[in-house]
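Colleague: Each residue of the sequence shown is one higher than the last, beginning at 0 in numbering that gives the first Met the number 0. Glycine is no exception: its CB is placed at the ideal position from the N, C-alpha and C atoms. Quick caveat: nothing in here was measured; it's all calculated off a predicted structure. Handing you a structure now.
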Amino acid sequence: MMQAQRCGSTAERDPLHNIRVVLHQPRGAMNVGAVARAIANMGLGELLVVRTQPLRQQWLRTMAVHAERVVDSMRQTRTLAEAVGDCAVVVGTTCRAGGYRQGTLPPRALAPEIVARARQQPVALVFGPEDRGLSNSELRLCHQLIAIPTAAEYTSLNLAQAVMICAYELRLAAHDHTLSALGALAPAARVEQVYERLRAAFLSIGFLHRDNPEHIMFALRRLLGRTGLTEREVRILLGLARQIEWFGNDGWKSLRAKARAQAEV
0 MMQAQRCGST
10 AERDPLHNIR
20 VVLHQPRGAM
30 NVGAVARAIA
40 NMGLGELLVV
50 RTQPLRQQWL
60 RTMAVHAERV
70 VDSMRQTRTL
80 AEAVGDCAVV
90 VGTTCRAGGY
100 RQGTLPPRAL
110 APEIVARARQ
120 QPVALVFGPE
130 DRGLSNSELR
140 LCHQLIAIPT
150 AAEYTSLNLA
160 QAVMICAYEL
170 RLAAHDHTLS
180 ALGALAPAAR
190 VEQVYERLRA
200 AFLSIGFLHR
210 DNPEHIMFAL
220 RRLLGRTGLT
230 EREVRILLGL
240 ARQIEWFGND
250 GWKSLRAKAR
260 AQAEV
């Protein structure tokens with residue numbers, strides 16, 4: 000595959016070009032080809048595939064009719080974190096509810112925010128494997144979640160169908176020229192550093208249960224993911240986490256000793 004140019008160079012002309020579709024462990028090349036066609040139809044940016052094995056080009060291109068631009072620039076990565084690390088907002092998709100999938104929104108409700116963000120920074124739209132969707136560990140990397148409304152009796156959608164529905168709503172939102180660009184956010188890889196440090200800090204003071212620390216951390220990810228974090232906010236939270244971790248690792252003892260020494264003066 001050719002190395003794709005980074006999203007962002009055409010964002011001022013069309014924010015849709017700054018929206019990246021990420022397929023995590025898709026099962027077959029034909030499904031990927033159908034997704035490429037949907038991306039081309041709706042004018043989204045690049046396609047990234049998280050998969051260690053190469054895709055069969057013949058099957059891929061058979062389904063990607065008139066989508067040569069998308070196929071030729073498609074990139075493959077080994078991990079989901081690598082695929083979304085430079086994105087300001089990562090939106091996951093799910094057909095399930097409850098548990099760690101609280102606060103899902105339909106594509107139409109979230110599309111204006113995605114487009115507004117994409118006017119300035121890259122955004123990733125992540126789809127899981129056709130047979131199971133995104134796991135809890137994969138959803139950890141997503142700031143917000145989309146759920147496409149379906150009949151309760153049959154909630155599973157074909158991968159390309161799901162991409163097309165989301166892409167269509169994004170295209171409609173992009174035609175609303177009253178949407179303005181939002182302030183710059185820190186990239187996903189930088190925000191992930193915050194969550195890792197906060198997790199360690201909260202464990203050090205017993206705020207998280209060691210047998211299930213992700214229960215609270217998922218809620219925190221959803222809370223902060225609603226608005227995103229600027230680089231300044233990232234630095235503040237990293238400093239807070241370091242101080243909490245220092246305090247939890249007996250740093251409080253030195254504070255108490257210092258206070259006693261000052262009291263004796």
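Could you give the DSSP three-state label for Q143: helix, strand or coil?
Modeller: Position 144 of the sequence shown holds residue 143. Three-state DSSP puts Q143 in a strand.
Colleague: To which residues of the same chain is A3 closer than 6 Å at the C-beta, ignoring the five residues directly before and after it?
Modeller: Looking up residue 3 in the sequence shown gives position 4. A caution first: A3 carries a pLDDT of 40, below 50, which makes its placement in the model too unreliable to give a value.
Colleague: Here's a check: name, in chain order, each residue in its chain whose Cβ is nearer than 6 Å to the Cβ of A63, leaving out the five neighbours to either side.
Modeller: Taking the first residue of the sequence shown as 1, we reach residue 63 at position 64. G32, A35, R36, V70.
Colleague: Between the Cα of Q52 and those of T76, L43, V233, spot the shortest distance and give me the residue it belongs to.
Modeller: Counted from its first residue, the sequence shown places residue 52 at position 53. Q52 has its Cα closest to that of T76, out of T76, L43, V233.
Colleague: For G91, does the three-state DSSP call read helix, strand or coil?
Modeller: Along the sequence shown, read from residue 1 onward, the residue named residue 91 stands at position 92. Three-state DSSP puts G91 in a strand.
Colleague: Per DSSP, what kind of secondary structure is A150 in: helix, strand or coil?
Modeller: Sequence index remark: in the sequence shown, residue 150 carries index 151 (1-based). Residue state, collapsed to three classes: coil.
Colleague: Throw me the rounded Cβ distance for the A123 and R19 pair, which I believe falls under 8 Å.
Modeller: For this step, residue 123 is matched to residue 124 along the sequence shown. For this step, residue 19 is matched to residue 20 along the sequence shown. With 8 Å as the limit, A123 and R19 qualify as a contact, their Cβ atoms being about 5 Å apart.
Colleague: Report buried or exposed for E67, applying the criterion of at least 16 other Cβ atoms within 10 angstroms of its Cβ.
Modeller: Position 68 of the sequence shown, counting from 1, holds the residue named residue 67. So E67 counts as exposed.
Colleague: Please name the residue, chosen from R225, G205, L197, L228, that lies closest to Q242 on a Cα-to-Cα basis.
Modeller: Numbered from its first residue, the sequence shown carries residue 242 at position 243. The shortest C-alpha separation from Q242 is found at L197.
Colleague: Buried or exposed for A218, please, with buried defined as at least 16 other CB atoms from any protein chain shown within 10 angstroms of its CB.
Modeller: Numbered from its first residue, the sequence shown carries residue 218 at position 219. Exposed: under 16 other Cβ atoms inside 10 Å.
Colleague: Could you check what DSSP says for R36 in three-state terms: helix, strand or coil?
Modeller: Against the sequence shown, residue 36 aligns to sequence position 37. Looking at R36 - three-state DSSP - the assignment turns out to be helix.
Colleague: Which same chain residues end up closer than 6 Å to G247 when comparing Cβ atoms and leaving out the 5 residues on each side of it in sequence?
Modeller: Against the sequence shown, residue 247 aligns to sequence position 248. Cβ neighbours of G247 beyond the five flanking positions: S203, I204.
Colleague: How about A185 and E244: are their beta carbons less than 7 Å apart?
Modeller: Here residue 185 refers to the residue found at position 186 when the sequence shown is read from its first residue. Here residue 244 refers to the residue found at position 245 when the sequence shown is read from its first residue. Their beta carbons are not under 7 Å apart, which means A185 does not touch E244 by this criterion.
Colleague: Check F126 in the structure and name its three-state DSSP category.
Modeller: Here residue 126 refers to the residue found at position 127 when the sequence shown is read from its first residue. Looking at F126 - three-state DSSP - the assignment turns out to be strand.
Colleague: Can you tell which of R231, E168, R131 has its C-alpha closest to the C-alpha of I38?
Modeller: As a position in the sequence shown, residue 38 is number 39, starting the count at 1. The candidate whose alpha carbon is nearest that of I38 is E168.
Colleague: Tell me, please, whether the region 79-90 touches the region 205-212 by the rule of three or more beta-carbon pairs shorter than 8 Å.
Modeller: No, the region 79-90 is not in contact with the region 205-212.
Colleague: By Cβ distance, which residues of its chain are closer than 8 Å to L104, with the 5 residues on each side in sequence left out?
Modeller: Numbered from 1 along the sequence shown, position 105 holds the residue referred to as residue 104. So the list reads Q143, L144, I145, A146, once near-sequence residues are dropped.
Colleague: Would R221 pass as an interface residue toward chain D - the criterion being a Cβ-Cβ separation below 7 Å?
Modeller: As a matter of chain content, chain D is missing from the structure shown, which is built from one protein chain.
Colleague: Between which two residues does the alpha helix (DSSP H) carrying L207 extend?
Modeller: Here the question's residue 207 lines up with position 208 in the sequence shown. First-last for L207: undefined, no H or E at that position.
Colleague: Looking only at its own chain, which residues have a Cβ that is under 6 Å from the Cβ of T9, when we skip the five neighbours before and after it?
Modeller: Start at 1 with the first residue of the sequence shown, and residue 9 comes out as number 10. With a pLDDT of only 42 at T9, under 50, the local geometry of the prediction cannot be trusted, and the value read off the model is given with reservation. If we look at T9 and ignore the five residues flanking it on each side, its Cβ neighbours are H16.
Colleague: Drop a sphere of 10 angstroms on the beta-carbon of I164, count the other beta-carbons inside from all chains shown, and report buried for 16 or more, exposed for fewer.
Modeller: Position 165 of the sequence shown, counting from 1, holds the residue named residue 164. That one is buried.
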